[in-house]
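Below: the structure, in structure tokens.
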Amino acid sequence: MRFGARHRRRALSNEHLDPALCHAMTPLELEDHAMQMAGKLKVTLRTKRKTALDPSRAIAGPRKIYLPRGFKKLAARNRAGLLMHELVHVRQWRQEGTLRMAARYAFAPRWRAAYEIEAHAETFRAHASMGWSRKDALKWRSIYITRVHKTYFLGMVDFREFAALCIKAWQVPKT
0 MRFGARHRRR ALSNEHLDPA LCHAMTPLEL EDHAMQMAGK LKVTLRTKRK TALDPSRAIA
60 GPRKIYLPRG FKKLAARNRA GLLMHELVHV RQWRQEGTLR MAARYAFAPR WRAAYEIEAH
120 AETFRAHASM GWSRKDALKW RSIYITRVHK TYFLGMVDFR EFAALCIKAW QVPKT
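The sequence shown begins at 0 in numbering that gives the first Met the number 0 and counts up one residue at a time.
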């Protein structure tokens, strides 16, 4: 299944870009920034307890972000990157509308891929602003491409095209 023009545009959009990530930040500064953004968007952060949702993953909706078990034990860098990623999903929910986003994410692999590529682009920008080296970024980009394709059940999506979009969207620092 190939990506349509709308899916490519969505995956490569820059509507989600946070202007604060243009300068270097420490992991704790970025985590504070993400918490402030969540506050501005009136997003509730919750740790999942006894729910049907997978407790090992973060899940975002239009008004809440459910954080994975062990979130507080993660390194500050990973917490900040995860929060920035999930804030992109909150914006997507609000832009698309609840019914459209839910239907596209659940039943349309190309849309799910486009949403994840867009959100992971912000994760990459967050890590770059915290001083990711080029070597680490290249290593993790290739790991993320296969992990995202597998984890989000994108088997119906053409892997080569998916990887090319990821490489284009997930910018690696020049230095």
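C-beta atoms are modelled at their ideal positions from N, C-alpha and C, and glycine is treated no differently.
As the structure is a prediction and not an experimental result, all values here were calculated from the model.
task = To the nearest angstrom, report how far apart E176 and M34 are at their CA atoms.
result = There is simply no residue 176 to check, as the chain begins at 0 and stops at 174 in what is shown.
CA-CA distance, K41 and R62? Spanning the two alpha carbons is a distance of roughly 7 Å.
Considering only DSSP beta bridges, list what I116 is partnered with. Note: I116 is not bridge-paired with any residue in the DSSP secondary-structure output.
Among A37, A4, R99, S12, which one has its Cα closest to the Cα of E85?
With distances taken between Cα atoms, E85 lies closest to A37.
| message | With DSSP as the reference, identify every bridge partner of I166, one or two as the case may be. | response | DSSP output for I166 lists no bridge partner at all.
**Prompt:** Can you tell which of T25, V89, A101, P26 has its C-alpha closest to the C-alpha of L44?
**Reply:** Residue V89 is the option with its Cα nearest to L44.
Exercise for review: Check K173 in the structure and name its three-state DSSP category.
Suggested key: Three-state DSSP puts K173 in coil, outside helix and strand.
| Three-way DSSP call (helix, strand, coil) for K41 in this model | The three-state reading of DSSP puts K41 in coil, since its state is none of H, G, I, E or B.
Presumed contact (8 Å Cβ cut-off) between I64 and A57, rounded CB distance = Indeed, because the Cβ distance is near 6 Å, the residues count as touching under 8 Å.
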